[in-house]
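As structure tokens, the structure follows; a few thoughts come after it.
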Amino acid sequence: MTSEPNADDGGDRALEVPGDSVLQTVSLESLSEAQRYHRWLTDLAFPHLGDHPVEIGSGLGGYARTWLQDGLPAITVTERDESRLGVLKDTFGDDSRVTVSDLDVFAPPRAEYSAMVAMNVLEHIEDHVGALRSAHALLRPGGRVIIFVPAFEFAMSRFDRAIGHYRRYTVPSLRGVYEAAGLEVETIHYVNAPGLLAWFAGMRLLRMTPRYGPTVKVWDSAVVPVARSVESRVRPPFGQSVFAVGRIPG
266 MTSEPNADDG GDRALEVPGD SVLQTVSLES LSEAQRYHRW LTDLAFPHLG
316 DHPVEIGSGL GGYARTWLQD GLPAITVTER DESRLGVLKD TFGDDSRVTV
366 SDLDVFAPPR AEYSAMVAMN VLEHIEDHVG ALRSAHALLR PGGRVIIFVP
416 AFEFAMSRFD RAIGHYRRYT VPSLRGVYEA AGLEVETIHY VNAPGLLAWF
466 AGMRLLRMTP RYGPTVKVWD SAVVPVARSV ESRVRPPFGQ SVFAVGRIPG
């Protein structure tokens, strides 16, 4: 593991992620236990990562760990929360393929990376156009910007707000953010159609908090494989999330 040099200005504030950090960590731990869902997301992103992506808001490192197991040559993981940053350092401390950086002092060389990836992060960032625009400095010409975000404002819950979500997205709205940031959209679509219905019922109507347990275990083992299989052939008109890949022109 290596570390990035410190930035004199205290880091790029366009990438600041607000919200209840403890609740965010609990949510990340719960999601990591849903192994089939986790694998679905990592497989969506993997073909677009290139040889050395930077992950913005790496959380507990679950996505990066899977990508490395799948053969990714190198990755830079970043995090602002002190406790999660400590987990990343402990997890990847002996791995020469991984650079761990504090987002508050993140100052990489220009045009360093093959891709920028943010999984369930952009919705936490107030200036989301500015956040995507920062990719122009981070990525090589033709580098990819890979984003996974929650979908549909009507599904915005008390839990969303508690963990710092400013918004949820649709395919048209996320496309607009990419275009406003000067990026060319290559692919964009909804993911996990049944999950949207379950989220709305559980989080909006019943006001639950997502935690791994028997219900999620059954969902992950019974529903996710079917949804993934169907959506690999037919893009649904709605979903729990939006997945997008764009590129730096040139």
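Each residue of the sequence shown is one higher than the one before, starting from 266 at the first, in my numbering.
All C-beta atoms in this analysis are idealised placements derived from N, C-alpha and C, irrespective of residue type, glycine included.
Residue i burial status per 10 Å Cβ neighbour count (16 or more: buried)
i	result
GLN505	buried
GLU344	buried
ALA380	buried
ALA310	buried
THR452	exposed
ASP355	exposed
Same chain only: Cβ atoms within 7 Å of residue i, ignoring 5 sequence neighbours per side
i	result
PRO459	VAL488, ALA492
THR406	It is worth fixing the name first, because residue 406 is Pro in this sequence and not Thr. Here the set comprises ILE513, GLY515.
LEU288	Low per-residue confidence applies at LEU288: pLDDT is 47, beneath 50, and the placement is therefore not dependable, though the value from the model is reported in the following sentence. Around LEU288: ALA427, ILE428.
ASN457	ALA492, GLY504, GLN505, SER506
VAL499	none
ALA339	ASP316, HIS317, ARG362
THR480	none
LYS482	none
Minimum C-alpha distance to residue i - residue among the options
i	options	result
VAL508	PHE419, PRO479, ILE411	For the record, residue 508 in the displayed sequence is Phe; it is not Val. Selected option, being the one with the closest Cα: ILE411.
LEU306	HIS393, PRO415, LEU403	PRO415
VAL510	VAL483, ALA400, LEU325	ALA400
GLU388	ILE428, SER486, GLY327, PRO490	ILE428
ARG243	THR435, LEU325, GLY408	Because the chain in this structure spans residues 266 to 515, residue 243 falls outside the shown range and cannot be described.
HIS454	ALA339, ASP346, GLY358, VAL436	VAL436
GLY441	PRO479, ARG301, VAL483, VAL394	VAL394
SER361	VAL483, VAL481, TRP484, HIS317	HIS317
GLY315	VAL481, TYR302, LEU333, PHE357	LEU333
ASP335	ILE321, HIS430, ALA466, PRO312	PRO312
ALA383	GLY358, PHE413, PRO479, THR364	PHE413
TYR378	TRP464, LEU325, LYS482, ILE321	ILE321
TRP464	LYS482, PHE419, VAL483	PHE419
Length of the line joining the Cα atoms of residue i and residue j
i	j	result
LEU368	SER497	34 Å
GLY351	SER323	12 Å
LEU353	GLU298	18 Å
VAL386	LEU337	21 Å
ASP392	PRO501	28 Å
SER366	VAL342	6 Å
MET421	SER438	15 Å
ARG398	GLY447	7 Å
TYR328	VAL495	23 Å
GLN300	LEU461	18 Å
ALA241	HIS430	Here the chain has residues from 266 to 515 only, and residue 241 is not among them.
THR364	ASP425	30 Å
For residue i, the residue or residues it bridges with in DSSP
i	result
ARG409	ALA380, ARG512
GLU388	The partner list for GLU388 (beta bridge, DSSP) is empty, contrary to what the question assumes.
PRO437	DSSP output for PRO437 lists no bridge partner at all.
SER494	The partner list for SER494 (beta bridge, DSSP) is empty, contrary to what the question assumes.
TYR455	VAL507
VAL319	THR341, MET381
ALA416	TYR434
SER366	THR343
GLU449	ARG512
LEU404	TYR378
Residues near residue i in its chain [Cβ-Cβ closer than 6 Å; skip 5 each side]
i	result
PHE417	ARG433
TYR302	ASP485, VAL489
Cut-off 8 Å between Cβ atoms - residues of its own chain near residue i, not counting five sequence neighbours on either side
i	result
ARG304	THR331
PRO373	GLU269, VAL319, THR341, SER366, LEU403
GLU444	VAL450
Neighbour flag for residue i against chain B, beta carbons, 8 Å
i	result
ARG440	No chain B is part of this structure, which consists of one protein chain only.
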